[in-house]
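A.B. asks: Just passing along the structure, written as structure tokens.
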Amino acid sequence: MLVLSRKQGEAIVIDSDIEVQVLEVRNGRVRLGIRAPQSRRVVRAEIEFRENSPSRPAPEEQAKVSRRKLSDSNASFSIPCG
């Protein structure tokens, strides 16, 4: 695991197409902003773990359904941070 220190306003870049920026540090919590292409799946670790449990559909299938719903409605979305 790569461990980095970043201050508020600083960022890291992953694979040249994903940027993770420290938006705020307050009361022991860090808010992150993530910029990534829609083709890249970005979720919190606990969501990934839950989605990979045997009682749920495979993440690829869930993502296909979510993308289909999004494209059908021409809606926009944001990834909650924090």
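So the number in the working numbering is just where the residue sits in the sequence shown, counting from 1, plus 1476.
For every residue, glycine included, the Cβ atom is placed at its ideal position computed from N, Cα and C.
Which runs of the beta strand (DSSP E), 3 residues or longer, sit entirely within the segment 1495-1521?
C.D. replies: Here the runs fully enclosed are 1505-1511.
A.B. asks: Could you pull out every residue in the same chain whose Cβ sits closer than 6 Å to the Cβ of residue 1494, ignoring the five residues on either side in sequence?
C.D. replies: The answer, listed in chain order, is 1512.
A.B. asks: What residue does the beta strand (DSSP E) around residue 1489 start on, and which one ends it?
C.D. replies: Its beta strand (DSSP E) spans residues 1487-1490.
A.B. asks: Measuring straight from C-alpha to C-alpha, what distance separates residue 1529 and residue 1481?
C.D. replies: Spanning the two alpha carbons is a distance of roughly 32 Å.
A.B. asks: Alpha carbon to alpha carbon, how far is residue 1492 from residue 1503?
C.D. replies: Whole-angstrom Cα-Cα distance: 31 Å.
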